[in-house]
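Engineer:
Residue numbers (my numbering), protein chains in the order written: chain B, 163 to 251; chain E, 63 to 474.
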């Protein structure tokens, strides 16, 4: 899965679930779009559905510092890498 | 203990007989009922004997941003809408709304049953993967104080939160406790009320207790029939009501329109049976309310009775009214128009009373054609009366033996 594909899907989640159209990739989501703790939990559920894979408790904790779309994409890229390694191991 | 004067400076209701003040007053004057056939819910409705419901069957133009909608079930939509209308109407300075000197007293019977129903469907569906779909948002939508805190969130209110959930006395307690909070200086204003959404679970509960009306399923508008010989039970309804209570001097200084003054409140418990009404307990509430208001019985000229239309409840209430007031004040059972709107009934009935107080009329008890002889000793409002109300008593009683009495005075 490429970074572009991940970005497209994350933007889809933001449009579909949060009614946020074309967010700036480096905008602070809390400050710019009132993205809050409830949204963060919903986003993690959306990512699980996208990856068709449950996130571990530690993986969810890692997401707590995320502030921008680009950071979300970085985070998902990391998850994809880990799952890829597990699949090939 | 003498406290500060507390006045009502805004109010709004969503009811089965209308949303705007003009619609509601028109329904009261023309005797329009808001009771409709029970809707098919593909779950309980086909098993329920009572096939009527006090229904809000018109669209309400909710215009909330997603950041607010995401934690709201239907009951919170109602609550936030009437709260929004009240704050718009009151015109409080924005800095006051968020100052911590404005609090919220708002409740519902049990959060959002629609959301709870979806949670239970998932829970009993048996699919492990779906359990994870029950999340924080579902709890925020369904928790019992969902109305109060969705209001605080939407308007940035940082004062006290009181969220009564005492079934039929939920919103009369909201207003009463809000009144005491302002009267004794803990807050300078309180946004008070209650809401309940369309819900067949509540109908099923009362239906199983044989407390619901079943004889008028083919003529919904003819039931409930408070105090009438042919009454056969209550009709569950939905709706919301909110009032803004303010300390009088503050309201006066800012030039607020004053709709009425809360002059007394009482709340007690029967101390026994959780279902059956209790004449001694109710009578005591009425006396305590008068005492709190420092009013004599002859100073009250209108009573909004709880009067759900049940066989025993109406008789006990009539006996209690007679024991305290004799046959003096006019008595109207406003549930004749819209059924029992549960957690919102106290607030809605207070608002309807305010409208009548302002416009100088008393609406009759809808569907009261021939008073039951056991209820006949009080002064029933049998026809529309063009007559001023100076002081009104709004009475509400709930499962659990909770009784309330609010006393409202016309502001002159």
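Ideal placement from N, C-alpha and C gives every residue a C-beta, glycine not left out.
1) Taking 9 Å as the threshold (beta carbon to beta carbon), is residue 199(B) in contact with chain E?
2) Would the beta-carbon of residue 75(E) fall within 9 Å of that of residue 302(E)?
3) Using a Cβ-Cβ cut-off of 7 Å (strictly less than) and excluding sequence neighbours within five positions of residue 414(E), which residues of its own chain qualify?
4) Over what stretch of residues does the beta strand (DSSP E) that includes residue 71(E) continue unbroken?
5) According to DSSP, is residue 254(E) part of a helix, a strand, or is it coil?
6) Using a C-beta to C-beta distance shorter than 8 Å, which residues of chain E count as neighbours of residue 181(B)?
7) Anything in the region 183-213 of chain B with a Cβ closer than 9 Å to a Cβ of chain E? List those residues in chain order, please.
8) Please report the distance separating the alpha-carbon of residue 466(E) from that of residue 456(E).
9) Just the chain B side, please: which residues come within less than 9 Å of residue 15(E) by C-beta, in chain order?
10) Between the region 204-218 of chain E and chain B, which residues of the former have a C-beta closer than 7 Å to a C-beta of the latter?
11) Which whole-angstrom value describes the C-beta separation of residue 472(E) and residue 322(E), a residue pair presumed to lie in contact below a C-beta threshold of 8 Å?
12) Interface residues of chain B around residue 132(E) at Cβ under 7 Å?
13) Should residue 135(E) be flagged as near chain B, meaning a C-beta pair shorter than 9 Å?
14) Going residue by residue through the region 213-266 of chain E, where are the continuous alpha helix (DSSP H) segments of at least 4 residues, counting only ones entirely within it?
15) Who are the neighbours of residue 177(E) on chain B, taking C-beta pairs under 7 Å?
16) Less than 9 Å between the beta carbons of residue 129(E) and residue 204(B), yes or no?
17) Answer yes or no: does any C-beta atom of chain B fall closer than 9 Å to that of residue 199(E)?
18) For the beta strand (DSSP E) holding residue 469(E), just list the boundary residues, first then last.
19) Taking Cβ positions only, does residue 100(E) come closer than 9 Å to chain B?
20) State the DSSP-derived secondary structure class of residue 204(B), mapped to helix, strand or coil.
21) Is any beta-carbon of chain D found at less than 9 Å from that of residue 376(E)?
22) Pair every Cβ in the region 92-104 of chain E with every Cβ in the region 132-141 of chain E, then say whether three or more of these pairs are closer than 8 Å.
23) Where does residue 170(B) land, buried or exposed, given buried means 16+ other C-beta within 10 angstroms?
24) Cβ of residue 202(E) less than 9 Å from any chain B Cβ?
25) What does the alpha-carbon distance come out to for the pair residue 149(E) and residue 306(E)?
26) If you run the structure through DSSP and keep just helix, strand and coil, what is residue 447(E)?
27) Just mark residue 167(B) as buried or exposed, buried being the case when its beta carbon has 16 or more other beta carbons within 10 Å.
28) How would you write the range of the alpha helix (DSSP H) that residue 99(E) sits in, first residue to last?
29) Could you have a look at residue 218(B) and say whether DSSP puts it in helix, strand or coil?
30) Which residue marks the beginning of the alpha helix (DSSP H) containing residue 345(E), and which one marks its end?
31) With DSSP collapsed to three states, give me the class of residue 336(E).
32) Where residue 345(E) and residue 93(E) are concerned, what is the direct C-alpha to C-alpha distance, given to the nearest angstrom?
33) Do the CB positions of residue 399(E) and residue 365(E) come within less than 9 Å of each other?
34) Measure the alpha-carbon distance for residue 330(E) versus residue 464(E) and round it to whole angstroms.
35) For residue 394(E), which three-state DSSP category applies?
36) Excluding the 5 residues preceding and the 5 following residue 424(E) in the sequence, name in chain order all residues of the same chain whose CB lies nearer than 7 Å to its CB.
Structural biologist: By the coordinates alone:
1) yes
2) yes
3) 86, 90 and 396
4) 68-76
5) strand
6) 128
7) 195, 196, 197, 198, 199, 200, 201, 203, 204, 207 and 210
8) 8 Å
9) In this structure chain E extends from 63 to 474, so residue 15(E) is not present and cannot be described.
10) none
11) 6 Å
12) 200
13) no
14) 232-245
15) Those do not exist, as residue 177(E) stays about 14 Å from chain B at its closest Cβ, beyond 7 Å.
16) no
17) yes
18) 464-471
19) no
20) helix
21) Although the question refers to chain D, the structure presented lacks it and instead comprises the protein chains B and E.
22) no
23) exposed
24) yes
25) 8 Å
26) strand
27) exposed
28) Not the alpha helix (DSSP H): residue 99(E) falls in the beta strand (DSSP E), residues 97-99.
29) coil
30) 341-355
31) coil
32) 30 Å
33) no
34) 6 Å
35) strand
36) 364, 392, 394, 418, 443, 447, 449 and 451
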